[in-house]
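A quick write-up on the structure given underneath.
2 protein chains.
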Amino acid sequence: MASATNGSSNGAAKSRFDPHFTEHVVNLMSPDTKPRHREILSSLIRHMHDFCRDVELTQDEWIIGVNYVNAIGGAYKKNRNEAWRVCDILGIESLVDEINHKIATEEGLEPTSSTILGPFWSPETPFRENGDSVVLNMPADGQLTWFHGVVRDVETGQGIPNAVFDMWQASTNGKYDVFDPENQTRHNLRGKFKTDAEGRYAFYCLKPTEYAIDTSGPSADLLRIMGRHPNRPAHIHIMVTHPDYVGVTAQLYPNDDPWLETDVACAVKEDLLLNFKPTKEDKNPECTLDCEYNVRLISRKYKPDAEMLKTNANIVGGK
Amino acid sequence: MASATNGSSNGAAKSRFDPHFTEHVVNLMSPDTKPRHREILSSLIRHMHDFCRDVELTQDEWIIGVNYVNAIGGAYKKNRNEAWRVCDILGIESLVDEINHKIATEEGLEPTSSTILGPFWSPETPFRENGDSVVLNMPADGQLTWFHGVVRDVETGQGIPNAVFDMWQASTNGKYDVFDPENQTRHNLRGKFKTDAEGRYAFYCLKPTEYAIDTSGPSADLLRIMGRHPNRPAHIHIMVTHPDYVGVTAQLYPNDDPWLETDVACAVKEDLLLNFKPTKEDKNPECTLDCEYNVRLISRKYKPDAEMLKTNANIVGGK
C-alpha cells in the first residue's frame with residue numbers, strides 16, 4: 007500500500023507527491039519474476055511515473071493517452087504496423103538500432119553506422135555479377151547511376167574479398183517491387199554482389215527518390231500535433247556481410263536530399279551520405295551519375311555472438 | 007540528422023550512445039507546436055529513450071513491445087478499455103489521480119486522500135435519507151453494516167452541513183447493479199446522503215467483498231509476467247462534495263482485507279482504511295457490523311478551479 011500522510015507534508019525534496027509510490031509498484035513484482043523482465047519493467051515503471059510527475063499529467067490528458075494507445079492497436083492490420091510507425095516517429099526504432107549495433111575497436115575505430123532495416127528487405131534477392139544492373143524496369147524519370155566502392159576492414163584498411171553487398175531500393179514512385187506489380191518485376195532494384203579480391207563491388211542502380219509515409223491513422227495524428235512532415239529522405243538500403251566480420255545494415259542517403267535533417271524516422275547518420283556526381287565517361291550511355299561508397303566492417307572478434315543478418319522484417323511483416 | 011563519429015569515440019561520460027540523438031528527435035517538433043504538447047511529448051521522448059538506453063533494449067525485446075502495444079488496442083471493445091487496465095496495473099491511473107488531487111493547507115493539513123474513480127460511478131444515483139439502507143437486494147452472504155461518520159473541515163475540525171456523501175459498491179458477487187440485472191435492481195448499493203447540521207451522515211450498506219479483474223487479454227499477460235495476482239481489495243466508493251470545498255473521490259477498504267498491500271490497481275492509501283466492528287445493539291436486528299468513517303474536506307479557496315465532480319468514467323465508458 008502506498009503511504010499517505012495525514013495532516014503533515016512528507017518533506018520529500020524533489021517532488022510534492024508520495025516518494026514511495028513508484029517503488030511500491032515496482033516491488034509488487036513477484037520474487038519469481040525473470041530477472042530480465044524485472045529489469046525492463048522496473049525501468050519502464052520508473053520512467054513512466056517520472057514522466058507523469060514531470061509534466062504533472064492531468065486526468066484529461068491521461069485519458070487522451072489511454073485512447074491513443076487503444077487507437078494504435080485498432081489501426082494495426084496486415085502491412086500496417088501502427089506501433090512500429092509511432093516508434094519510428096519518436097526515434098525509438100533508430101535508437102534501439104544504435105543500442106544493438108554500436109561497436110568500436112579498442113582504439114575507438116567504428117565500422118559503418120547501422121541504421122534501421124525497414125520492412126522491405128527480402129531473403130530471396132538473387133546474386134548478380136559485379137557490373138550488372140539492378141534496374142530491370144527503367145522508369146521514365148529514373149537517373150541511372152554507376153554505384154561502386156570497396157568494403158574494407160576498419161582496422162587494417164584492407165579490402166575484404168567475398169563480402170556480400172546486398173542492396174534494395176524503391177523506384178521513383180516510392181514503391182518497392184512487391185508492392186508495385188504493375189510497374190516492377192520481382193527483384194527489380196534488388197541485388198546481391200560479392201566483392202572481388204580487392205573488396206570491390208559495382209553495379210548500376212537508380213539515384214533514389216524520397217517518399218512520404220502513409221498520412222492516415224494515429225501515427226499521422228502524432229506527426230500533425232508535432233508539426234512534422236511525413237517524409238523520408240531518399241535512400242538505398244544495404245546489408246553487408248562476411249563470416250569473419252560483424253554485418254552492417256544501413257540506409258545510404260544522397261547528400262543533397264532536402265529531408266536529411268528532418269527524416270520522419272530519425273534514421274540519418276553523417277557517415278551514411280552519398281555524393282552523386284554527373285558522369286559523361288560511363289560505358290553505358292544511359293548512365294548519367296557516378297556514386298562511390300566505401301563500407302567499413304569490424305572483425306567478428308569484437309562481437310562473437312553477432313547474428314549474420316538483421317532480419318526482424320521477417321518477424322512482424324511490413325509496416 | 008544525428009551525429010555519428012567516424013573512427014573515434016565521442017567521449018560522452020554517461021552513455022556510450024550518441025549523446026545528441028534524443029535532443030535531435032525532440033527538436034524535430036515545429037516551433038508552432040502548442041506549448042503543452044511540446045512539454046508532454048518532449049518529456050515522453052526523453053523518458054522513453056532513457057528507458058531504452060538504461061536497459062539496453064534488444065531488437066527482439068523492442069518488437070515484443072511493439073506487438074504488445076498493438077495487442078492492447080486490439081483487445082479494446084465496449085466495456086473493456088485495455089490500455090486503461092494496463093495503466094492500472096502499472097500504477098499510472100493511481101499516480102495521475104494523486105498528481106491531480108494532492109492538496110494541503112498552508113500548514114500542511116491534508117484532506118482525505120483521493121484515489122481512482124473507477125468506471126462504475128453513476129450520475130443518476132438517487133438521494134436517500136440518513137438512516138436509510140442502500141441494500142435493495144440482500145445477498146445471502148451479505149453482512150449488513152451501519153455505516154456512519156462526520157464530514158469535517160480539515161482546518162477547523164467543524165462538521166460541514168449539506169455536504170453530499172455519494173457512495174456505491176459491488177455486491178458480494180463482485181458485480182455492480184448495472185452489470186448484474188438478474189440479482190440487483192437499479193441503484194442497489196448506491197445512494198447519495200446529505201450531511202445534517204453537524205456534518206453527520208449514516209446509512210446501512212454491505213461490508214464490501216474483494217474481487218478479481220478480468221484475467222484474459224494483454225493486461226492479464228502483463229500480470230502473469232510480473233507474478234502478480236488480479237485482485238482488488240474490497241472497497242466502498244465515495245464521492246463527497248460541497249460547493250465551498252474541494253470534492254474528494256476515494257475508495258474505502260476494510261482494514262482486514264488480504265489484498266491491501268498488493269492491490270492490482272495500486273490504489274490503497276493509509277487514511278482510507280475502515281474498521282468494521284461487530285455490533286449487537288443496532289436497532290435493525292439484521293445488522294451485525296458497525297463502521298465509522300470521517301471525511302476531511304479542504305476549502306475551495308485552496309483550489310478555486312477544482313471541478314465539483316471527477317467524472318472521467320463518463321468520458322470513456324467502462325473498462
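From first to last, the protein sequence lines stand for chains A and B. In terms of our numbering, the first sequence opens at residue 7 and continues consecutively. In terms of our numbering, the second sequence opens at residue 7 and continues consecutively. Positions of the beta carbon are idealized from the N, C-alpha and C atoms, including for glycine.
As a quick exercise: from the options, pick the residue whose alpha carbon is nearest that of residue i.
i	options	result
G365(A)	T131(A), Q175(A), P125(A)	Here chain A comprises residues numbered 7 to 325, so residue 365(A) is not present and cannot be evaluated.
P260(A)	R238(A), V252(A), D202(A)	R238(A)
I396(B)	K198(B), T162(B), R230(B), G205(B)	This structure gives no information on residue 396(B), because the portion of chain B shown stretches from 7 to 325.
P249(B)	P214(B), D262(B), I166(B), S222(B)	I166(B)
V160(B)	M144(B), E116(B), V170(B), V92(B)	E116(B)
C297(B)	E130(B), T247(B), V252(B), H154(B)	H154(B)
N189(B)	P145(B), D94(B), V156(B)	P145(B)
V254(A)	A312(A), I231(A), N290(A), A226(A)	A312(A)
N73(A)	T64(B), W68(B), V61(B), R91(B)	R91(B)
T64(B)	V274(A), H107(A), I51(A), L279(A)	H107(A)
M173(A)	K307(A), P129(A), I70(A)	P129(A)
I51(A)	R44(B), R302(B), E45(B), D60(B)	D60(B)
D202(B)	T178(B), N179(B), N168(B)	N168(B)
V156(B)	H43(B), V246(B), P187(B), I78(B)	V246(B)
P284(B)	A110(B), N290(B), L295(B)	L295(B)
D66(B)	D186(A), I219(A), A273(A), R42(A)	R42(A)
H26(A)	Y308(B), C272(B), R306(B)	C272(B)
Quick check on the burial criterion: 16 or more other C-beta atoms within 10 angstroms. Buried or exposed for residue i?
i	result
A10(A)	At A10(A), the pLDDT of 43 sits below 50, so the modelled position is not reliable; the number obtained from the coordinates is stated separately. When all chains shown are included, A10(A) counts as buried.
S100(B)	buried
F57(A)	buried
E104(A)	buried
F171(B)	buried
N320(A)	A caution first: N320(A) carries a pLDDT of 40, below 50, which makes its placement in the model unreliable, though a value can still be read off. With fewer than 16 Cβ atoms within 10 Å of its Cβ, N320(A) is classed as exposed.
G97(B)	buried
Q164(B)	exposed
K40(B)	exposed
K84(A)	exposed
E88(B)	buried
S222(A)	exposed
D24(A)	buried
N194(A)	buried
By the DSSP assignment, the beta strand (DSSP E) with residue i in it spans what residues?
i	result
I244(B)	242-248
E1(A)	This structure cannot speak to residue 1(A), because chain A is shown only from 7 to 325.
Please state the DSSP three-state secondary structure of residue i.
i	result
I391(A)	With chain A represented from 7 up to 325, any question about residue 391(A) goes unanswered, as that position is not in the structure.
A304(B)	The question names Ala, yet the displayed sequence has Ile at residue 304(B). In the structure shown, I304(B) sits in a strand (DSSP, three-state: E or B).
F282(A)	coil
D202(A)	coil
Y182(B)	coil
P260(A)	strand
W152(B)	strand
N136(B)	coil
W174(B)	strand
Y82(A)	coil
V252(A)	strand
D277(A)	helix
G71(A)	helix
A208(B)	strand
D66(B)	helix
N237(B)	strand
A110(B)	coil
A342(B)	A question about residue 342(B) goes unanswered here, because the residues of chain B that appear run from 7 up to 325.
A218(A)	strand
R196(B)	strand
R158(B)	strand
State the CB to CB distance for the pair residue i and residue j, rounded to an integer number of angstroms; the pair is presumed to be in contact (CB under 8 Å).
i	j	result
D269(B)	S119(B)	The Cβ separation is near 14 Å, so there is no contact.
G205(B)	R158(B)	6 Å
S21(B)	V32(B)	S21(B) to V32(B), Cβ: 16 Å. No contact.
A240(B)	E216(B)	4 Å
N328(A)	Y207(A)	Since the first residue shown for chain A is 7 and the last is 325, residue 328(A) is missing from the structure and cannot be characterised.
L229(A)	P236(A)	6 Å
R234(B)	M35(A)	7 Å
E226(B)	G79(A)	Correcting the residue identity first, residue 226(B) is Ala in this sequence and not Glu. With a Cβ gap of about 16 Å, A226(B) and G79(A) do not count as contacting.
Any heavy atom of the ligand MG closer than 6 Å to the beta-carbon of residue i?
i	result
Q190(A)	Among the components modelled here there is no ligand, and therefore nothing to report on the ligand MG.
Which residue marks the beginning of the alpha helix (DSSP H) containing residue i, and which one marks its end?
i	result
T2(B)	The first residue shown for chain B is 7 and the last is 325, placing residue 2(B) beyond what the model contains.
C93(A)	88-95
C58(A)	41-61
P224(A)	223-232
D103(A)	98-107
Kindly say whether residue i, judged by its beta-carbon, lies nearer than 7 Å to any beta-carbon of chain E.
i	result
S177(B)	Annotation note: the requested chain E is absent from the structure, which comprises protein chains A and B.
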